[in-house]
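Undergrad:
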Amino acid sequence: MDGRVLPVLLGPTGRPPKYYEIPVPDPAGGRPVVHVYRLEAVSGGGGWSVLPRGWRYVHQPEGRPRRGPRWPWSRPGGRRLSGGR
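Going by my numbering, the first residue of the sequence shown is number 2, and it counts up by one from there.
1. So who's on the other strand from W56, going by DSSP bridges?
2. Can you tell which of R67, R68, S75 and Q61 has the C-alpha that lies nearest to the C-alpha of E22?
3. Compute the Euclidean distance between the alpha carbons of W56 and L10, then round it to the nearest angstrom.
4. Taking C-beta to C-beta, are V34 and V43 nearer than 8 angstroms?
5. Tell me the residue span of the beta strand (DSSP E) that contains P24.
6. Whose C-alpha, out of A29, R16 and V59, is nearest the C-alpha of H36?
7. If you draw a straight line from the C-alpha of D27 to the C-alpha of R71, how long is it?
See below:
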């Protein structure tokens, strides 16, 4: 952003968070703009490598995806089985 290094807090497993939000204050004193970055794996160069070589943050211009509550009985994507109860 402006050359400063921001600390990234690690989780209990030692990995950084999946999404990182950076608030940038408005010079006019208005509401700050929040830039969202998503963590993604950097793929290995060889064809045999399945494990990621590292991690990097990629800018998400549309922001963080909105999701509802995650219930244990709900399916990904909100699909229902056809022909069932």
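By construction, the Cβ of each residue, glycine as well, lies at the ideal position given by its N, Cα and C atoms.
TA: Based on what the coordinates show:
1. Within the sequence shown, residue 56 is the residue found at index 55, counting from 1. DSSP lists A42 as partners of W56.
2. Translated into positions along the sequence shown, residue 22 becomes position 21. Selected option, being the one with the closest Cα: Q61.
3. Position 55 of the sequence shown, counted from the start, is the residue given in the question as residue 56. Position 9 of the sequence shown, counted from the start, is the residue given in the question as residue 10. Using only the alpha carbons, I get a separation of about 15 angstroms.
4. As a first step, residue 34 must be located in the sequence shown, where it is residue number 33. As a first step, residue 43 must be located in the sequence shown, where it is residue number 42. No, Cβ-Cβ distance for V34 and V43 is not below 8 angstroms.
5. Translated into the one-based positions of the sequence shown, residue 24 becomes position 23. Here the beta strand (DSSP E) through P24 covers Y20 to V25.
6. As a first step, residue 36 must be located in the sequence shown, where it is residue number 35. Of the listed residues, the one whose Cα sits closest to H36 is V59.
7. Start at 1 with the first residue of the sequence shown, and residue 27 comes out as number 26. Start at 1 with the first residue of the sequence shown, and residue 71 comes out as number 70. If I take the Cα positions, the gap works out to 34 angstroms.
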